[in-house]
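Numbering (full-length UniProt numbering), first residue to last: 1 to 322.
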């Protein structure tokens with residue numbers, strides 16, 4: 001397990017290298033919901049997403065551990081975590097390998113290569129197996145899981161620490177959920193800082209997280225492939241084994257589900273009114289706010305936090321969204 005103490009340690013560890021990202025508001029968006037909505041802009045983070053936080057924390061913990069003899073790192077990723085780990089490895093002068101699904105956006109593949117990653121392609125649903133096999137065959141190479149790793153989860157939790165320093169009286173947070181590293185880190189931090197805050201999981205249609213919440217177990221088919229969604233950062237179907245208990249114990253029991261049309265609507269609003277270039281995954285929280293406006297308003301929530309979690313947009317696909 002990991003705790004708020006680990007998140008605070010991660011915050012100290014990555015401070016000075018990572019950006020303290022700004023919080024933005026839109027009076028127009030506030031008028032649509034009759035509440036104050038605050039956007040944590042981690043699309044402006046190093047490498048273009050929040051994942052730089054967890055990747056950097058993990059790499060720093062590896063290289064600063066005198067008993068750890070690993071001299072390179074490996075992960076699997078559709079793009080954002082691969083970029084983040086490659087960047088963190090590069091600034092610490094260690095090699096990085098990324099196992100990437102063969103349907104990953106080429107813009108993200110090129111970015112991973114630009115940060116120095118060695119890319120190994122595989123079928124989308126085989127990336128964990130391929131990554132494990134490469135790790136087992138390698139020497140002095142350490143696996144850094146993109147979400148199901150306490151070091152990564154602690155790093156992602158630093159978002160909530162910053163956000164709640166910037167806006168202390170938030171009533172709720174809406175958090176996109178793929179593998180669960182972001183949400184687990186945020187909910188542990190947020191609930192320690194303000195126990196009354198509500199943290200909602202937002203998922204893409206087809207993930208069916210509600211079923212696992214209701215049954216209190218990871219109820220997904222282990223052989224099923226990724227979710228079919230334009231939000232490629234959260235296509236992974238199953239929440240991680242280490243992430244799952246933190247999310248189910250501390251998050252709200254109602255899962256907010258959005259489809260591609262919801263996400264595109266939210267992206268259009270952010271581009272047109274806020275002038276921020278976010279990727280589809282970065283629009284998921286706002287999409288949920290639109291779809292569940294009445295339910296959230298009925299709970300007398302006055303100040304809601306949403307996270308622009310990534311800005312690594314595939315420019316070739318952007319015109320098809322709009």
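Glycine residues also receive a C-beta, built at the ideal position from the N, C-alpha and C atoms.
Which residues in the same chain as residue i place their Cβ atom closer than 6 Å to its Cβ, once the five residues preceding and following it in sequence are excluded?
i, result
"residue 177", "183, 201, 203"
"residue 240", "147, 148, 179, 180"
"residue 151", "57, 58, 61"
"residue 274", "26"
"residue 125", "225"
"residue 278", "43, 270, 308, 311"
"residue 252", "198, 200"
"residue 276", "270"
"residue 104", "78, 79"
"residue 242", "148"
"residue 247", "180, 183, 184"
Which partner residues does residue i have in the DSSP bridge list?
i, result
"residue 281", "Bridge partners of residue 281: none, in fact."
"residue 10", "Residue 10 is not bridged to any residue."
"residue 97", "74, 118"
"residue 307", "40"
"residue 142", "73"
"residue 326", "Summary: the structure shown does not reach residue 326, with the chain confined to residues 1 through 322, and so no result is reported for it."
Measuring only the C-alpha atoms, how far is residue i from residue j?
i, j, result
"residue 256", "residue 288", "6 Å"
"residue 50", "residue 159", "8 Å"
"residue 174", "residue 144", "26 Å"
"residue 97", "residue 129", "14 Å"
"residue 271", "residue 316", "16 Å"
"residue 135", "residue 70", "11 Å"
"residue 307", "residue 18", "17 Å"
"residue 188", "residue 4", "6 Å"
"residue 268", "residue 322", "7 Å"
"residue 220", "residue 213", "11 Å"
"residue 305", "residue 141", "38 Å"
"residue 326", "residue 93", "For residue 326 there is no data in the structure shown, the boundaries of the chain being 1 and 322."
"residue 161", "residue 261", "32 Å"
"residue 210", "residue 21", "31 Å"
"residue 195", "residue 52", "27 Å"
"residue 23", "residue 171", "16 Å"
"residue 263", "residue 66", "45 Å"
"residue 169", "residue 303", "7 Å"
"residue 137", "residue 1", "28 Å"
"residue 318", "residue 165", "34 Å"
"residue 320", "residue 230", "11 Å"
Leaving out the 5 sequence neighbours to the left and right, which residues in its chain are closer than 7 Å to residue i when beta-carbon positions are compared?
i, result
"residue 47", "83, 84, 87"
"residue 266", "283, 286, 287, 290"
Could you name the residues of the same chain whose beta carbon sits closer than 8 Å to that of residue i, not counting the 5 residues immediately before and after it, in chain order?
i, result
"residue 90", "96, 115, 116"
"residue 132", "143"
"residue 9", "154"
Point to revise | Inter-stretch contact at 8 Å, needing at least 3 Cβ pairs: the stretch 283–297 / the stretch 32–41 | key: yes
Point to revise | contact_flag[the stretch 68–83, the stretch 98–105] where n(CB pairs < 8 Å) is 3 or more | key: yes
Review point. In chain order, which beta strand (DSSP E) runs of at least 3 residues are fully inside the stretch 147–221?
Key: 172–176, 198–204
Check your understanding: Which parts of the stretch 241–305 are runs of the alpha helix (DSSP H), unbroken and 4 residues or longer, counting only runs that do not cross its ends?
Key -> 243–250, 260–269, 284–291, 293–298
**Study point:** Every unbroken beta strand (DSSP E) inside the stretch 36–69 [3 residues or more]
**Key:** 36–41
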